[in-house]
Amino acid sequence: MDFSITSDLPVHREEQFRTPSGPERAVGLWVDRIGASFNDYGRKRLRILGQFAAVRVDAGQGDFFSPATGPLPVHAGQAIILFPDEPHLYMPRNRWQTRWVVWNGPEAHNLLQLGYLAKDRAVIDDPLAAVADAHRRLQPNIHREDLAEILDRKNTILHMVLALFRSSRRSDQANAGPERIEPILAFLADHCADQTAIDELARHFNLSPPTLRRLFKTHTGRSPREFVTSLRISRAKELLAQGRPIKEVAATVGYDDQFYFMKVFKKTTGVPPGKFAFMTR
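In terms of the working numbering, the sequence shown opens at residue 1473 and continues consecutively.
As structure tokens, this is what we get:
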């Protein structure tokens, strides 16, 4: 990968900047700017953006580098995801056309933590042109400050992130093999109250524990333990709604310690099991 390319070709670059308002900060996610560029040749240097960005290559090809991915080729129809405080470098090999959307906010960081975005999946196929669509939708309302437009901008970013996540996950699932995880999910649904260790579960399905965890993360977004907890609490809700005593419910769904069950239930649902039972009667 040669990042020493320079060119005397004319560069066309447009950007629209904005500053988030109080209501935008309250909703937790805002658009900082959008832009487009044609024949944009830059110097070989690492850059730190400080915010999230999606850069779609509409035409041409180039190269991308970040510490999480190493060097990667990029071509038309792909999107580059940039992360706050993550050094990166991208540039065309000859000519290219790009457009971008930059956003930030605590909910943007939550999406990263939940796995909707991932630093090691910074180059994503964008067959539905999600970034280009977001760019088009944001152009007419980028500077409008009424409450409806504030929420519309946020929804535009969420829609774009969801489309890119689905595209990325389709690629991951094709590599991981969905047929490998489905029998495991069915087994756990039938045995969620059992005390099954991760190592034991992995051996039962002829997998290594790391492979099992990777399959779960790819297909469910959760660890095996988190998945089992979700199944247990869902079953506990059904039993509590039927008027079953808390101690009995705890034992039925796999918790020998009633008080630990109460702690897990409240952490998962936001309410104690006793209050949940009262609310559903």
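All residues carry an ideal CB built from backbone N, CA and C; glycine is no exception. Computed from a prediction, not measured in an experiment: that's the story for all the values here.
Beta-carbon contacts of residue i that lie in its chain and below 8 Å, excluding the five residues immediately before and after
| i | result |
| --- | --- |
| residue 1693 | 1586, 1587 |
| residue 1716 | 1724 |
| residue 1670 | 1681, 1684, 1685, 1696, 1697 |
| residue 1517 | 1561 |
| residue 1702 | 1694, 1740 |
Spatially closest choice to residue i from the options, by CA coordinates
| i | options | result |
| --- | --- | --- |
| residue 1666 | 1652, 1629, 1704 | 1704 |
| residue 1496 | 1635, 1576, 1544 | 1576 |
| residue 1538 | 1563, 1528, 1529, 1530 | 1563 |
| residue 1491 | 1574, 1541, 1711, 1556 | 1574 |
| residue 1660 | 1626, 1679, 1745, 1699 | 1699 |
| residue 1627 | 1607, 1707, 1535, 1744 | 1607 |
| residue 1740 | 1619, 1728, 1707, 1753 | 1707 |
| residue 1752 | 1710, 1732, 1728 | 1710 |
| residue 1653 | 1552, 1589, 1688, 1712 | 1688 |
| residue 1540 | 1556, 1531, 1527 | 1556 |
Residue range of the beta strand (DSSP E) that includes residue i
| i | result |
| --- | --- |
| residue 1530 | 1524-1538 |
| residue 1700 | Run containing residue 1700: none in the beta strand (DSSP E); it sits in the alpha helix (DSSP H), 1696-1713. |
| residue 1746 | Counting along the chain, residue 1746 falls outside any beta strand (DSSP E), though it belongs to the alpha helix (DSSP H) covering 1745-1751. |
| residue 1551 | 1550-1554 |
| residue 1546 | 1542-1547 |
| residue 1718 | First-last for residue 1718: 1718-1724, but that is the alpha helix (DSSP H), not the beta strand (DSSP E). |
For residue i, the first and last residue of its enclosing alpha helix (DSSP H)
| i | result |
| --- | --- |
| residue 1603 | 1602-1610 |
| residue 1681 | 1681-1692 |
| residue 1584 | 1578-1586 |
| residue 1676 | 1670-1676 |
| residue 1495 | 1494-1499 |
| residue 1732 | 1730-1741 |
Nearest-angstrom beta carbon gap, residue j and residue i [assumed within contact, 8 Å]
| i | j | result |
| --- | --- | --- |
| residue 1547 | residue 1569 | That pair is no contact at about 12 Å. |
| residue 1595 | residue 1550 | 6 Å |
| residue 1637 | residue 1656 | The Cβ separation is near 22 Å, so there is no contact. |
| residue 1614 | residue 1506 | 6 Å |
| residue 1525 | residue 1554 | 4 Å |
| residue 1528 | residue 1633 | Incorrect: roughly 13 Å between the Cβ atoms, too far for contact. |
| residue 1610 | residue 1503 | 6 Å |
Beta-bridge partners of residue i, as assigned by DSSP
| i | result |
| --- | --- |
| residue 1573 | 1506, 1526 |
| residue 1596 | 1551 |
| residue 1561 | 1537 |
| residue 1519 | 1560 |
Own chain, CB closer than 6 Å to residue i, minus 5 neighbours either side, in chain order
| i | result |
| --- | --- |
| residue 1735 | none |
| residue 1477 | Note on residue 1477: pLDDT 40, under 50, position unreliable in the model; no value is reported. |
| residue 1484 | Low local confidence applies: a pLDDT of 46 at residue 1484 is under 50, so the model's placement there is unreliable, with the coordinate-based value given in what follows. Only 1510 meet the Cβ criterion. |
is_contact[residue i, chain D] using C-beta, thresh 7 Å
| i | result |
| --- | --- |
| residue 1610 | The chain inventory of the structure shown lacks chain D, comprising one protein chain alone. |
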